[in-house]
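Worksheet for the structure shown next.
Residue numbers (the working numbering): 3 to 322.
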């Protein structure tokens, strides 16, 4: 409990230590998160996603500045591709955001995807809770940007920005991708390059055909340039307006409840999977079973059905 007490008092070193423990899936992780949980649920979580080269890091950097101008404490989770050698995150995002390193009210953490198919690290949802309890009023998540597998951002963020560029040659294909369906705000970045009209028109036409909108929120299409600062202040204002609008309509609360239900189910599945596997390996001579499978004396389908039937009989009885 001492660690949690220091965390909620805003101790940066403690926050870093707890995040490392979570990333490494160390013993005691779940007990620690249980203690942290009552201090969560206050941060506005903003997801920044889009294709590589869209300028997500530069845009995230500008959002940090906007939050600090409003005297808000900011946490940043920069999800990087995992280093193939060390298994750790490549630190490109941290280097780009170096100017915030000495600001005690900005906490930046790079996290490796560690082989996840989506653009988010497995531990992301738990790290959000740590930063929330640490006192961050805004948590920015910048994803790797690998296309449709970025859809998992919608399970974490209250407001999702999909960042695009005007010169994207495959913009028609991009608009058809599933990632476009998760946007709360579209951001056509690098407006200083010009030629934004085609991209904006394509997005607006797609929105005209979309049946997705709830409670009157139609994702706006904004133009930004981190080079000239065009549209940055408007983007920050729109992010705040999105949360206010969805909170007023009740949509935000509904999404949070669904997110919590999904998280409980994921944890039940994970714990059941681990418990069943432990039971299976204790009960069966795994080496012998694998030998039998390799020699084709049995098959994985029959063995799996046999095991499930046995577990089902133990839980529900043979008459179920």
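In this text, a Cβ means the ideal position worked out from N, Cα and C, and glycines have one as well.
Worksheet item: Going by Cα to Cα distance, which pick from 209, 164 and 184 is closest to residue 190?
Response: Counting from 1 along the chain shown, the entry for residue 190 is found at position 188. Of the candidates 209, 164 and 184, the one whose C-alpha sits nearest the C-alpha of residue 190 is 164.
Discussion item. Once the 5 residues before and after residue 260 are set aside, which same chain residues still bring their CB inside 7 angstroms of it?
Written reply: Taking the chain shown and counting its residues from 1, one reaches residue 260 at position 258. The answer is none, since no qualifying residue turns up.
Worksheet item: From what residue to what residue does the beta strand (DSSP E) around residue 187 run?
Response: Taking the chain shown and counting its residues from 1, one reaches residue 187 at position 185. Taken as a continuous stretch (DSSP letters only), the beta strand (DSSP E) holding residue 187 covers 187 to 190.
Worksheet item: Whose C-alpha, out of 104, 236, 78 and 315, is nearest the C-alpha of residue 130?
Response: The count along the chain shown starts at 1 and reaches residue 130 at position 128. Just measuring C-alpha positions, the residue of 104, 236, 78 and 315 sitting nearest residue 130 is 78.
Worksheet item: Is the segment 29 to 48 in contact with the segment 131 to 143, if contact means three or more CB pairs nearer than 8 angstroms?
Response: Flag = yes, the segment 29 to 48 and the segment 131 to 143 touch.
Item to complete: Express the C-alpha separation of residue 283 and residue 1 in angstroms, rounding to a whole number.
Response: What the structure shows of the chain is the stretch from 3 to 322, and residue 1 is not part of that stretch, so it cannot be assessed.
Worksheet entry | Segment contact, 8 angstroms Cβ cut-off, at least three pairs: the segment 48 to 57 with the segment 138 to 146 | Short answer: they touch.
Worksheet entry | Proximal residues to residue 215 (C-beta, below 6 angstroms), its chain only, five neighbours per side dropped | One-based indexing of the chain shown puts residue 215 at position 213. So no residue of the chain qualifies.
Worksheet item: What do you reckon, are the CB atoms on residue 57 and residue 167 nearer than 8 angstroms?
Response: Residue 57 sits at position 55 when you count from the first residue of the chain shown. Residue 167 sits at position 165 when you count from the first residue of the chain shown. For residue 57 and residue 167, yes; Cβs fall inside 8 angstroms.
Worksheet entry | Secondary structure of residue 299, DSSP reduced to three states | For this step, residue 299 is matched to residue 297 along the chain shown. Looking at residue 299 - three-state DSSP - the assignment turns out to be coil, as it is neither helix nor strand.
Fill in: Cα-Cα separation, residue 156 to residue 184
By 1-based counting over the chain shown, the position of residue 156 is 154. By 1-based counting over the chain shown, the position of residue 184 is 182. Looking at the two C-alpha atoms, the distance is approximately 6 angstroms.
Discussion item. Going by DSSP in three states, residue 163 sits in which element: helix, strand or coil?
Written reply: For the purposes of this step, residue 163 is taken as residue 161 along the chain shown, with counting starting at 1. In this structure, residue 163 counts as strand in the three-state DSSP scheme.
Worksheet entry | Residue environment, residue 192, which counts as buried when at least 16 other CB atoms sit within 10 Å | Residue 192 sits at position 190 when you count from the first residue of the chain shown. When all chains shown are included, residue 192 counts as buried.
Worksheet item: How many angstroms separate the CA atom of residue 70 from the CA atom of residue 110?
Response: By 1-based counting over the chain shown, the position of residue 70 is 68. By 1-based counting over the chain shown, the position of residue 110 is 108. Their backbone Cα atoms lie some 14 angstroms apart in a straight line.
Discussion item. DSSP three-state label for residue 229, please.
Written reply: Within the chain shown, the letter at position 227 stands for residue 229. In this structure, residue 229 counts as coil in the three-state DSSP scheme.
Practice prompt. State the DSSP-derived secondary structure class of residue 144, mapped to helix, strand or coil.
Written response: What you label residue 144 is simply residue 142 of the chain shown in a count that begins at 1. When secondary structure is reduced to three states using DSSP, residue 144 falls in the strand class.
Practice prompt. Locate the beta strand (DSSP E) running through residue 109, then write down its first and last residues.
Written response: Counted from its first residue, the chain shown places residue 109 at position 107. Residue 109 -> beta strand (DSSP E) spans 108 to 114.
Practice prompt. Would you give the residue range spanned by the beta strand (DSSP E) that residue 52 belongs to?
Written response: The residue you call residue 52 lines up with position 50 of the chain shown. Start and end: 46 to 52.
Worksheet item: Ordered along the chain, which non-local residues of its own chain (more than five positions away) have a Cβ less than 8 angstroms from that of residue 306?
Response: Here residue 306 corresponds to residue number 304 of the chain shown, with the count starting at 1. Within the same chain, no residue comes within 8 angstroms of residue 306 by CB-CB distance, once the 5 residues on both sides are set aside.
Worksheet item: DSSP state of residue 87, grouped into three classes?
Response: Reading the chain shown from its first residue, position 85 is the one you call residue 87. Confidence in residue 87 is poor, its pLDDT being 39 and thus under 50, which makes the residue's placement too unreliable to answer from.
Practice prompt. State the Cα-Cα distance for the pair residue 303 and residue 297, rounded to the nearest angstrom.
Written response: On the chain shown, position 301 is the one that residue 303 refers to. On the chain shown, position 295 is the one that residue 297 refers to. Distance between the alpha carbons of residue 303 and residue 297 is about 15 angstroms.
Fill in: Boundaries (first-last residue) of the alpha helix (DSSP H) holding residue 136
Locating residue 136 in the chain shown gives position 134, where the first residue counts as 1. In this chain, the alpha helix (DSSP H) harbouring residue 136 covers 126 to 136.
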